[in-house]
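Below is one structure, written out as structure tokens; the observations come after it.
Number of protein chains: 2
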Amino acid sequence: MILAGGSGTRFWPASRALRPKQVLALGGSELPLIAQTARRIEALCPAERAVVATGRALVEVTQQALPWFAPDAFLAEPVARNTAACIGWASSLIHRRDPEAVIAALPSDHLIADEAAFRGAVEQAFAVAEDGTIVTLGIKPDRPETGYGYIEAGSALSRGVHKVQRFVEKPDRAKAEEYLASGRYFWNSGMFFFRADAMLRAIQKHMPALASGLERIERAAERGAETERRETKQVFEALESVSIDYGIMERVEKLAVIPADIGWSDLGSWHSVWELGGKDARGNAGKALTVFVDGDRNLVEDLRSPGATPRVVALCGVSDLCVVQTDDALLIIPRERAQDVRKIVEELKRRGGPV
Amino acid sequence: MILAGGSGTRFWPASRALRPKQVLALGGSELPLIAQTARRIEALCPAERAVVATGRALVEVTQQALPWFAPDAFLAEPVARNTAACIGWASSLIHRRDPEAVIAALPSDHLIADEAAFRGAVEQAFAVAEDGTIVTLGIKPDRPETGYGYIEAGSALSRGVHKVQRFVEKPDRAKAEEYLASGRYFWNSGMFFFRADAMLRAIQKHMPALASGLERIERAAERGAETERRETKQVFEALESVSIDYGIMERVEKLAVIPADIGWSDLGSWHSVWELGGKDARGNAGKALTVFVDGDRNLVEDLRSPGATPRVVALCGVSDLCVVQTDDALLIIPRERAQDVRKIVEELKRRGGPV
Chain A
2 MILAGGSGTR FWPASRALRP KQVLALGGSE LPLIAQTARR IEALCPAERA
52 VVATGRALVE VTQQALPWFA PDAFLAEPVA RNTAACIGWA SSLIHRRDPE
102 AVIAALPSDH LIADEAAFRG AVEQAFAVAE DGTIVTLGIK PDRPETGYGY
152 IEAGSALSRG VHKVQRFVEK PDRAKAEEYL ASGRYFWNSG MFFFRADAML
202 RAIQKHMPAL ASGLERIERA AERGAETERR ETKQVFEALE SVSIDYGIME
252 RVEKLAVIPA DIGWSDLGSW HSVWELGGKD ARGNAGKALT VFVDGDRNLV
302 EDLRSPGATP RVVALCGVSD LCVVQTDDAL LIIPRERAQD VRKIVEELKR
352 RGGPV
Chain B
2 MILAGGSGTR FWPASRALRP KQVLALGGSE LPLIAQTARR IEALCPAERA
52 VVATGRALVE VTQQALPWFA PDAFLAEPVA RNTAACIGWA SSLIHRRDPE
102 AVIAALPSDH LIADEAAFRG AVEQAFAVAE DGTIVTLGIK PDRPETGYGY
152 IEAGSALSRG VHKVQRFVEK PDRAKAEEYL ASGRYFWNSG MFFFRADAML
202 RAIQKHMPAL ASGLERIERA AERGAETERR ETKQVFEALE SVSIDYGIME
252 RVEKLAVIPA DIGWSDLGSW HSVWELGGKD ARGNAGKALT VFVDGDRNLV
302 EDLRSPGATP RVVALCGVSD LCVVQTDDAL LIIPRERAQD VRKIVEELKR
352 RGGPV
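Line by line, the protein sequences are chains A and B.
Under the working numbering, the first residue of the first sequence is numbered 2, with each subsequent residue one higher.
Under the working numbering, the first residue of the second sequence is numbered 2, with each subsequent residue one higher.
Structure follows, in structure tokens:
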């Protein structure tokens, strides 16, 4: 289950409302992030058994990013109602196809550098999930990051598998340093592994409104695709917007975390792209037509269409900047302020023009 | 006589070897600088009596910038041999057409904000030049500029007209402050006014090699245009490269300066474009599709072709930058380092690609 509903603005101008981060080729690959995600899990779950949950408006661009996926692999949420509704709905559909299914629910827009370690962790997670446990991968922190939620690991269930003690919100710096030092806290990767029936039971118990909505959809499906489609829309529109963490994970009993060291990054901003990508001796990252004179640690991304006129990009006497160009936009922002691209998007919205 | 031989790189990427500064629409006008120059003098010297001295490779682009000029107004130097050869040759050609001509020799790539004051000064200069004096406009300095040469004014010849005491090279800061305080020093604008015959006499006296070259060309002209063309090429190739300041102005006796306060700028760099152009309350200069968030005193120039895709340019958290885009290049440089675009041009040349 590939989760591809996001349409954030942190990668403006590359990401847009209808061209979200997961369909961009970031992280040094020629493949969109979502295709990297699909390829990464392919050996364990081939495309025929994958589903991609996305928004109605994003189906086309998502299909383009996964051209080897069959059309029925794509689930279009009628309206966005956060991850609990999305994962619940997709779990219910998978359960109909295979009542014994064990599911990996994977965000579509993260990077994982160590794919072998990732596959090892996933195999272990699938095994642990067999008995109805919901399993999450916890990323071993290498810095006191304040931008992520953490999972506190409790007692060991087996080698490399712990009970989840609790989920904790993004900490302040002092807390984050404490977490890092303790060795018991892991970043919440948003990757979950569970039996479809176990998830549906958890929803039944902790989110009864969602459960009855999913049952309505299932009953409607017996009366044909059109009825199912209409009912799905009505159900979704009536649902609350609740995250899977808040709605399910923080409440279920049988919850395990597998600490994983897999070179994970959520690629949160252009700064992360610089951080994770190749750089020259002065820390500058840019392709062939880029000229850096007297400047360090800059990122230059040319994301214009393949047919665009070759363009020299010359930076002289500037450092620590992100410079990103697309066909219709140019962004210049310091790396350390890369999160602030949202301010630009807000300003563009305020002006009433396209974003 | 419009002097349009320059092909500098200070306005890279807008200026290129074959698209020099004078054909760019800078300074807030829709007209190229050279067309602004021609329009500015038009009331005193209509296009039919103007000549434009430029390099052979620049004729086409120069004609495009002055579409209302007749083709025979353009003089193409076979090779560049600096301003003495250029002004000498053009003076000789004008003298053939009109032995009584009084010439204004004007750089084609400067800005003049106060056109009425400029015309007043020019009229005065023409009057003074009638008796064979070579006249230059000296710009009243408003700051201790170290980037220009100065002219020291001597005794008054008439109201607002002084004998030239001497030309001085670009001063250091201390000297420049002294010059500014004295009130006797003016910026060398490179604008000269003289009778054609007076200039030819001065060349005869101070640059005899140039004088004999010009005579060879004149004799060749009697044998037809093709002979003249061939001889001009041979003469130019054999000439030394000498500036009019060094070769003539620093040596002639009858030399006057008219101090002028005309809002002059030589538009030396992108910094000057920012300095002289319109700006918002935070000192940012950019057209409609520019977004400035948390930044001050930036210049954004979009010099792409009129047919190019509209492009948002968003600057967030940066200040005092020049950002210039053309169809095939993008420049980012701090305003105070704007002179260093030459370093980029050097780097591009080093790489062997187009500049």
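From the three backbone atoms N, C-alpha and C, an ideal C-beta is built for every residue, glycine too.
(message) Assuming the contact rule is C-beta atoms closer than 8 Å, A/A339 and A/S244 should be a hit. Round their C-beta distance to whole Å, please.
(response) For the purposes of this step, residue 339 of chain A is identified with residue 338 of the first sequence, where counting begins at 1. For the purposes of this step, residue 244 of chain A is identified with residue 243 of the first sequence, where counting begins at 1. So it is not a contact: roughly 24 Å between Cβ atoms.
(message) Output needed for B/A315: all residues of its chain with C-beta closer than 6 Å, excluding positions within five of it in sequence on either side, in chain order.
(response) Sequence index remark: in the second sequence, residue 315 of chain B carries index 314 (1-based). So the list reads V292, once near-sequence residues are dropped.
(request) Could I get the ranges of all uninterrupted beta strand (DSSP E) runs contained in the region 268-356 of chain A, with 3 residues as the minimum, in chain order? (result) Look at the region 268-356 of chain A and you find these whole runs of beta strand (DSSP E), each 3 residues long or longer: 291-294, 300-303, 313-317, 322-326 and 330-335.
(message) Just to confirm, is the Cβ distance from A/V80 to A/F194 under 9 Å?
(response) For this step, residue 80 of chain A is matched to residue 79 along the first sequence. For this step, residue 194 of chain A is matched to residue 193 along the first sequence. Taking the C-beta atoms as reference points, A/F194 is found no nearer than 9 Å to A/V80.
(request) Tell me whether A/E302 is buried or exposed, calling it buried when 16 or more other Cβ atoms sit within 10 Å of its Cβ. (result) To locate residue 302 of chain A, count along the first sequence from 1; it is residue 301. Around the beta carbon of A/E302, a 10 Å sphere encloses 16 or more other beta carbons of the protein chains shown; the residue is thus reported as buried.
(request) Using a Cβ-Cβ cut-off of less than 8 Å, list which residues of the region 308-329 of chain B approach chain A; keep chain order. (result) For the region 308-329 of chain B, which is checked against every Cβ of chain A, the residues closer than 8 Å are T310, P311, R312, V313, V314, A315, L316, C317, G318, V319, L322, V324, Q326, D328 and D329.
(message) At the level of alpha carbons, what is the spacing between B/R120 and A/P355?
(response) Counting from one through the second sequence, the residue named residue 120 of chain B turns up at place 119. Counting from one through the first sequence, the residue named residue 355 of chain A turns up at place 354. Rounded to whole angstroms, B/R120 and A/P355 show a C-alpha spacing of 47 Å.
(message) Less than 9 Å between the C-beta atoms of B/I204 and B/G89, yes or no?
(response) Translated into positions along the second sequence, residue 204 of chain B becomes position 203. Translated into positions along the second sequence, residue 89 of chain B becomes position 88. For B/I204 and B/G89, yes; Cβs fall inside 9 Å.
(request) State the Cα-Cα distance for the pair A/R336 and A/V274, rounded to the nearest angstrom. (result) In the first sequence, counting from the first residue as 1, residue 336 of chain A sits at position 335. In the first sequence, counting from the first residue as 1, residue 274 of chain A sits at position 273. Distance between the alpha carbons of A/R336 and A/V274 is about 10 Å.
(message) Once DSSP output is grouped into helix, strand and coil, what is the label at A/Y151?
(response) Here the question's residue 151 of chain A lines up with position 150 in the first sequence. Three-state DSSP puts A/Y151 in a strand.
(message) I believe B/T147 touches B/P108 by the beta-carbon criterion, under 8 Å. Please report the beta-carbon distance rounded to the nearest angstrom.
(response) Position 146 of the second sequence, counted from the first residue, corresponds to residue 147 of chain B. Position 107 of the second sequence, counted from the first residue, corresponds to residue 108 of chain B. Wrong, their Cβ atoms sit about 20 Å apart, outside the cutoff.
(request) Would you please verify whether the beta carbon of B/D341 is less than 9 Å from any beta carbon of chain A? (result) Against the second sequence, residue 341 of chain B aligns to sequence position 340. For B/D341, at least one C-beta of chain A is nearer than 9 Å to its own C-beta.
(message) Strictly below 7 Å CB to CB, what residues from chain B border A/L332?
(response) To locate residue 332 of chain A, count along the first sequence from 1; it is residue 331. For A/L332, the residues of chain B that pass the 7 Å Cβ criterion are A315, in the order they occur in the chain.
(message) Am I right that B/V325 and B/P14 are in contact with their C-beta atoms under 8 Å? What's the rounded C-beta distance?
(response) As a first step, residue 325 of chain B is located in the second sequence; it is residue number 324 there, counting from the start. As a first step, residue 14 of chain B is located in the second sequence; it is residue number 13 there, counting from the start. With 8 Å as the limit, B/V325 and B/P14 qualify as a contact, their Cβ atoms being about 6 Å apart.
(request) Taking A/L112 and A/L277 to be in contact with their CB atoms under 8 Å, please state how far apart those CB atoms are, rounded to whole angstroms. (result) One-based indexing of the first sequence puts residue 112 of chain A at position 111. One-based indexing of the first sequence puts residue 277 of chain A at position 276. Confirmed, about 6 Å.
(message) Using a Cβ-Cβ cutoff of 9 Å, what residues of the region 5-33 of chain A are near chain B? List them in chain order.
(response) Going along the region 5-33 of chain A in chain order, one finds W13 and P14 with a Cβ nearer than 9 Å to chain B.
(message) Mapping the DSSP letters down to three states, classify B/S1 as helix, strand or coil.
(response) With chain B covering 2 to 356 only, the question about residue 1 of chain B has no answer from this structure.
(request) Note down, in chain order, every chain B residue with its Cβ under 7 Å from the Cβ of A/R338. (result) By 1-based counting over the first sequence, the position of residue 338 of chain A is 337. Going along chain B in sequence order, the residues near A/R338 (Cβ under 7 Å) are C317 and G318.
(request) May I ask you to list the residues that DSSP assigns as paired with B/Y186? (result) Taking the first residue of the second sequence as position 1, residue 186 of chain B is located at position 185. Bridge pairing for B/Y186: B/E153 [DSSP].
(message) On a Cα-Cα basis, can you pick out the residue from A/N189, A/E178 and A/A126 that is closest to A/S159?
(response) Counting from 1 along the first sequence, the entry for residue 159 of chain A is found at position 158. A/S159 has its Cα closest to that of A/A126, out of A/N189, A/E178 and A/A126.
(message) Among B/I135, B/A128 and B/R57, whose alpha-carbon lies nearest the alpha-carbon of B/D198?
(response) Residue numbering aside, residue 198 of chain B sits at position 197 when the second sequence is read from its first letter. Answer by Cα proximity: B/I135.
(request) Please classify B/V24: does DSSP put it in a helix, a strand, or coil? (result) Counting from one through the second sequence, the residue named residue 24 of chain B turns up at place 23. In this structure, B/V24 counts as helix in the three-state DSSP scheme.
(message) Below 9 Å on C-beta distance, what does B/I345 contact in chain A?
(response) Within the second sequence, numbered from 1, the residue matching residue 345 of chain B stands at position 344. Going along chain A in sequence order, the residues near B/I345 (Cβ under 9 Å) are V292, V294, V313, A315, L316 and C317.
(request) Spatial neighbours of B/N189 within its chain, please: CB distance less than 6 Å, with the 5 preceding and 5 following residues excluded, ordered by chain position. (result) Taking the second sequence and counting its residues from 1, one reaches residue 189 of chain B at position 188. Excluding the 5 residues flanking it on each side, B/N189 has same chain C-beta neighbours closer than 6 Å at G150 and I152, in chain order.
(request) Note down, in chain order, every chain B residue with its Cβ under 9 Å from the Cβ of A/L349. (result) Numbered from 1 along the first sequence, position 348 holds the residue referred to as residue 349 of chain A. Ordered by position in chain B, the residues that pass the 9 Å Cβ test against A/L349 are V292, V313 and A315.
(request) Please name the residue, chosen from B/G318, B/L322 and B/V294, that lies closest to A/R351 on a Cα-to-Cα basis. (result) Numbered from 1 along the first sequence, position 350 holds the residue referred to as residue 351 of chain A. Checked all of B/G318, B/L322 and B/V294; the closest Cα to A/R351 is B/V294.
(message) Check this for me: beta carbons of B/M2 and B/A106, under 9 Å apart or not?
(response) What you label residue 2 of chain B is simply residue 1 of the second sequence in a count that begins at 1. What you label residue 106 of chain B is simply residue 105 of the second sequence in a count that begins at 1. Yes.
(message) Is B/E337 close to the ligand SAH? I mean its beta-carbon at under 8 Å from any heavy atom of the ligand.
(response) Ligands in the displayed structure: none, and consequently the ligand SAH is not present.
(request) For the beta strand (DSSP E) holding A/L256, just list the boundary residues, first then last. (result) Indexing the first sequence from 1 puts residue 256 of chain A at position 255. For A/L256, the enclosing beta strand (DSSP E) has its first and last residue at L256 to A261.
(request) Identify every residue that forms a DSSP beta bridge with A/L138. (result) Here residue 138 of chain A corresponds to residue number 137 of the first sequence, with the count starting at 1. The bridge partners DSSP lists for A/L138 are A/I259.
(message) Could you tell me the alpha carbon to alpha carbon distance between B/I33 and B/L27, rounded to whole angstroms?
(response) Position 32 of the second sequence, counting from 1, holds the residue named residue 33 of chain B. Position 26 of the second sequence, counting from 1, holds the residue named residue 27 of chain B. Checking the sequence, you will find Pro at residue 33 of chain B rather than Ile. Rounded to whole angstroms, B/P33 to B/L27 spans 7 Å at the Cα level.
(request) Within its chain, find whatever has a CB closer than 6 Å to the CB of B/R252; leave out the 5 residues flanking it on each side and keep chain order. (result) Counting from 1 along the second sequence, the entry for residue 252 of chain B is found at position 251. The beta carbon of B/R252 is closer than 6 Å to those of H207 in its chain, skipping five residues each way along the sequence.
(request) Buried or exposed for B/A282, please, with buried defined as at least 16 other CB atoms from any protein chain shown within 10 angstroms of its CB. (result) Translated into the one-based positions of the second sequence, residue 282 of chain B becomes position 281. Exposed, because fewer than 16 other Cβ atoms sit within 10 Å of the Cβ of B/A282.
(request) Pull out every residue of the region 43-54 of chain A whose Cβ sits closer than 7 Å to any Cβ of chain B, in chain order. (result) From the region 43-54 of chain A, no residue has a Cβ closer than 7 Å to chain B.
(message) To be precise: take each residue of the region 65-94 of chain A, compare its Cβ to all Cβ atoms of chain B, and keep it if any distance is under 7 Å. Which residues remain?
(response) For the region 65-94 of chain A, the beta-carbon criterion of a distance under 7 Å to any beta-carbon of chain B is satisfied by none of its residues.
(message) Quick check: A/V258 and A/K164, are their CB atoms within less than 9 Å of each other?
(response) Position 257 of the first sequence holds residue 258 of chain A. Position 163 of the first sequence holds residue 164 of chain A. Yes; because the gap between Cβ atoms is below 9 Å, this pair is in contact.
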